[in-house]
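Input: a single structure, listed below in structure tokens.
Protein chains: 2
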Amino acid sequence: MVTPRILTGFMELLPEDQILFNRMMDTIRGVYEEFGFLPLDTPTIELSEVLLAKAGGETEKQIYRFQKGDHDLALRFDLTVPLARYVAQHENDLVFPFKRYQMSKVFRGERPQKGRFREFYQCDIDIIGIDSLPLYYDAEMPSVIYHVFKKLDFGPFTIRLNNRKVLNGFFSSLGLADQIADVLRTIDKLDKIGEEKVRLELGELGITEAQTDSIMSLIHIKGSTDEILAQVEALPVEDETFREGVSELKEVVSNMRLLGMPDENFEVDLTIARGLDYYTGTVYETRLDDYPQLGSVCSGGRYDNLTGFYTKTNMPGIGISIGLTRLFSQLKEAGILTGGSKTLIKALVVPMGPDQMAAAVQTAGAFRRAGISTDIYSLTKGMKQKMKYASRIGVPYVILIGEEEAAAGKVALKDMSSSEQKIISCEEAIQIVLSR
Amino acid sequence: MVTPRILTGFMELLPEDQILFNRMMDTIRGVYEEFGFLPLDTPTIELSEVLLAKAGGETEKQIYRFQKGDHDLALRFDLTVPLARYVAQHENDLVFPFKRYQMSKVFRGERPQKGRFREFYQCDIDIIGIDSLPLYYDAEMPSVIYHVFKKLDFGPFTIRLNNRKVLNGFFSSLGLADQIADVLRTIDKLDKIGEEKVRLELGELGITEAQTDSIMSLIHIKGSTDEILAQVEALPVEDETFREGVSELKEVVSNMRLLGMPDENFEVDLTIARGLDYYTGTVYETRLDDYPQLGSVCSGGRYDNLTGFYTKTNMPGIGISIGLTRLFSQLKEAGILTGGSKTLIKALVVPMGPDQMAAAVQTAGAFRRAGISTDIYSLTKGMKQKMKYASRIGVPYVILIGEEEAAAGKVALKDMSSSEQKIISCEEAIQIVLSR
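Heads up: the protein sequence lines correspond to chains E and H, in order. Quick note, in the numbering used here, the first sequence goes up one by one and the last residue is 441. Quick note, in the numbering used here, the second sequence goes up one by one and the last residue is 441.
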């Protein structure tokens, strides 16, 4: 005999939680589809040569990679590389801009830590253009995420956005073009280590105090969205990239409002950099206001040339991702996820004894044909145990069928929340359950 | 540069087909949930020691198995072994009978052949009991499948059922108890090689002509379901298992009818054996009547003691599985799958020029808030190209916004099927699209 178990770092849920998890998946998918994103489902296993064309360093170490027959194979570690491969491979069959969503498991053989998973769902949307991609989409992305988190209903949330061109151009104007990566990496720690230590570290990088003051003057711009935009615009920076970034930021904010996003759900945050060697324009993070400890629950941004390793066609894009497994586990731990149910059925048909089984089966058939999720209690147990089972799974209605009911062609409908019970026809019972 | 490609034996679809595939998934899931099956999502990667506790021979050769760190890992090759592991592991947390569905990819490193996949979806339902499981469920299984194929709408279909006890008891009464497996394997070829060759092969197994005649008298019973049941019951067989099987078969048929299954969608077929060392009671196959070449598109049956490798608790069960990737690819090839769409949106907002982009964005926001899947055409192209795009993706409605419309707070709603166009308010347009 083998002890039944799974590896650490893998999430497997009991039905009650799985129902909650699937509800989140369905909500996200529904919004993604409402915005016209098309479904994609790439293989879990790909050729290492193709999947790892770009990878290296830390990523490569985490890959589940193995040999089967003549093939060097690997499990996908994100959904972006398979997307790049897919659009390059099917360039001639797809309509661009290509908007796709994929909600699939990805695999990373990390050392297991709290909140880290080796197998987890990512729910990604990306829009890929050929040669160019309209700036409108930079507003559509946060609008999608706004609708997702509105529907997920975990309380107030804020989508923070920035534009990498603002940062890049600004640093370039300070003569720090070559050190952008280092500076941004240091600034990224502002929240964690505070300004003083950031200043020290910048000093260690050879940044002068005057340069640091300038940097801080940008980073510390605060106020309403419009105030922030006005202050950034008023900065005495002579740099084309910077100006382009500011102008883009303004247009994105304007479009977000036109799309109906309330100001309370977004803010411009000039400290956001994200994926240093990846993003090139608008970048996003999303926080649940009441649970800052969760960090960003949804991030992304605009990138150039997604498919450089696979095709000569230039394909810029924009994408955003929800790490659903991690988010679910965090929400669960924080006690935010409630309202789980042990069952998906609306009605449980309970025959009083074996002689009523035929009538029960018939009744269940009629309920299901009416589109009501229905189950039959078919074990030969006492009435007390039958009702205990009904309470335990939390089914809203029980349909009791005793000798008298069966003979009269009736059922006893019990509303489990009020404990009210009435003897009515099967059709009437169906109407009541449907109307709830 | 690396050529973007995937391995043979892996299915990856273009959006139009992926939409069709997902629609099938949703239909199947909807019916599974209507019958009270609970969702389960086990890890893709399991410990080899646990996953392969039972496996051996052919199965083991097909496994994707690899080492990562200290762990000997394997990808699941079906959904039944993970279910066995799961119910044994969570015995105390689950409510039994435990009804679960799982619709996930499984992995088999087979040599790629036409119609064989190395990574494919299985859509399984199983019901697991502790110590025993009511016979009612043997009728529920085909009833679920009836509803699934009714909703999938691929024309007439027949669920064929048998009971292994009928076969086992019958052969036992002939003194062929030890040769059941061999005889059944030979009989299984009836469709393929014909009676004459089956008789020859049975002879080679040492079966006498008298025994073969008896076997054929069982196998050749034909007629309506009730006629078949009456003939089987009338056979002069003195064997308890046989009698039990016949009685079960009768009750299952009776319950199937009570559940509302029409006789035209099922038949008793005494030649069905399936998974010889696995199934112990009712067994099923499903054929699409107009496409017999597809073989069984959905099979399963009742088994004893699912979890013997993981727990001392005796857990009998019943299950049925749809191999969706294979079915999809077969249906596609047979030309049965139609009605695919290149988009999920109902409305495409098209600004005439860049000056109408703001009005377009606003309009799209209003449509989406009304629950209409909407997209914006945001590329700066000519009107002809914009409309060509709309036709190409097959969107039902286009909302045109020109200078005049924008100024008057109106939109031009174009019904793409009739080419009719009218200038109305945004709210009126929303009502028309919603009402379709």
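Ideal Cβ placement from N, Cα and C applies to all residues, glycine included. If you're wondering where the values come from, they're calculated on a predicted model, not measured in any experiment.
Next item on the list: Select from the segment 321–353 of chain H all residues with a C-beta closer than 9 Å to any C-beta belonging to chain E, and list them in chain order.
Entry: 347, 348, 349, 350 and 353
Check: Contact check, residue 342 of chain H vs residue 138 of chain H under 8 Å by CB: the rounded distance?
Finding: About 36 Å; that fails the 8 Å criterion.
Notebook entry, point to check: Can you name the residues that DSSP bridges to residue 112 of chain E?
Noted result: E:124
Notebook entry, point to check: Could you give the C-beta distance for residue 131 of chain H and residue 19 of chain E, rounded to a whole number, given that I count them as a contact under 8 Å?
Noted result: 16 Å between Cβ atoms; not a contact.
Next item on the list: Give the DSSP-derived three-state secondary structure of residue 76 of chain H in the structure shown.
Entry: strand
Notebook entry, point to check: Counting only beta-carbon atoms, is residue 301 of chain H nearer than 7 Å to chain E?
Noted result: no
Margin query: Can you confirm whether residue 373 of chain E, when its beta carbon is compared against all beta carbons of chain C, has any partner nearer than 7 Å?
Written below: In the structure shown, chain C does not exist; the protein chains are E and H.
Next item on the list: For residue 74 of chain E, go through chain H and note every residue whose CB falls closer than 8 Å to its CB, in chain order.
Entry: 114
Check: What are the start and end residues of the alpha helix (DSSP H) that includes residue 188 of chain H?
Finding: 185–192
Notebook entry, point to check: Using a Cβ-Cβ cut-off of 7 Å (strictly less than) and excluding sequence neighbours within five positions of residue 385 of chain H, which residues of its own chain qualify?
Noted result: 359
Margin query: Any C-beta of chain H within less than 8 Å: which residues of the segment 406–425 of chain E qualify?
Written below: none
Item checked: Proximal residues to residue 391 of chain E (C-beta, below 7 Å), its chain only, five neighbours per side dropped -> 355 and 382
Note to self: Nearest by alpha-carbon distance to residue 403 of chain E: which of E:412, E:413 and E:429 is it?
What the structure shows: E:429
Notebook entry, point to check: Does the segment 273–282 of chain H come close enough to the segment 232–240 of chain H to have 3 or more Cβ pairs within less than 8 Å?
Noted result: yes
Check: Whose C-beta lies closer than 8 Å to the C-beta of residue 191 of chain H among residues of the same chain, with five residues either side of it excluded?
Finding: 203, 206, 207 and 210
Checklist line | Beta-carbon contacts of residue 92 of chain E that lie in its chain and below 8 Å, excluding the five residues immediately before and after | finding: 99, 103, 133, 311, 312 and 320
Margin query: Ignoring anything shorter than 4 residues, give me the alpha helix (DSSP H) runs that lie fully in the segment 374–411 of chain H, in order along the chain.
Written below: 388–398
Notebook entry, point to check: Tell me which same chain residues have a C-beta within less than 6 Å of the C-beta of residue 128 of chain H, skipping the five on either side of it?
Noted result: 33, 108, 327 and 329
Notebook entry, point to check: Which residues of chain H have a Cβ atom closer than 9 Å to the Cβ of residue 388 of chain E, listed in chain order?
Noted result: Neighbours of residue 388 of chain E on chain H: none; closest Cβ ~17 Å, over 9 Å.
Check: beta strand (DSSP E) containing residue 324 of chain E: first to last residue?
Finding: 322–328
Note to self: What does DSSP give as the partner residue(s) for residue 207 of chain H in the beta ladder?
What the structure shows: According to DSSP, which records beta bridges pairwise, residue 207 of chain H is partnered with nothing at all.
Note to self: Assuming residue 20 of chain E is part of the alpha helix (DSSP H), what are its boundary residues?
What the structure shows: 20–39
Next item on the list: Ignore the nearest five residues each way along the sequence and tell me which others in residue 160 of chain H's own chain have a CB closer than 6 Å to its CB.
Entry: 295
Note to self: Between residue 252 of chain H and chain E, is the shortest Cβ-Cβ distance under 7 Å, so that the two count as touching?
What the structure shows: no
Next item on the list: For chain E, find out if any of its Cβ atoms is closer than 7 Å to the Cβ of residue 448 of chain H; answer yes or no.
Entry: With chain H covering 6 to 441 only, the question about residue 448 of chain H has no answer from this structure.
Notebook entry, point to check: DSSP state of residue 48 of chain H, grouped into three classes?
Noted result: coil
Next item on the list: Note the first and the last residue of the continuous beta strand (DSSP E) segment covering residue 271 of chain E.
Entry: 271–273
Margin query: Using 7 Å as the threshold, is the C-beta distance between residue 77 of chain H and residue 111 of chain H below it?
Written below: no
Notebook entry, point to check: Can you tell me whether residue 114 of chain H is buried or exposed, with buried defined as 16 or more other CB within 10 angstroms of its CB?
Noted result: buried
Notebook entry, point to check: What separation, rounded to the nearest whole angstrom, lies between the Cα atoms of residue 401 of chain E and residue 43 of chain H?
Noted result: 16 Å
Next item on the list: Say whether the segment 138–156 of chain E touches the segment 285–303 of chain E, bearing in mind that this needs 3 or more beta-carbon pairs closer than 8 Å, one atom from each stretch.
Entry: yes
Notebook entry, point to check: Do the CB positions of residue 306 of chain H and residue 246 of chain H come within less than 7 Å of each other?
Noted result: no
Next item on the list: Under 8 Å between beta-carbons, which chain H residues line up against residue 366 of chain E? List them in chain order, please.
Entry: 141, 144, 260, 263 and 264
Check: When we look at the beta-carbon of residue 87 of chain E and count the other beta-carbons within 10 Å, is it buried (16 or more) or exposed?
Finding: buried
Next item on the list: Tell me whether residue 182 of chain H is buried or exposed, calling it buried when 16 or more other Cβ atoms sit within 10 Å of its Cβ.
Entry: exposed
Next item on the list: State yes or no: is the C-beta of residue 56 of chain E within less than 7 Å of the C-beta of residue 79 of chain E?
Entry: yes
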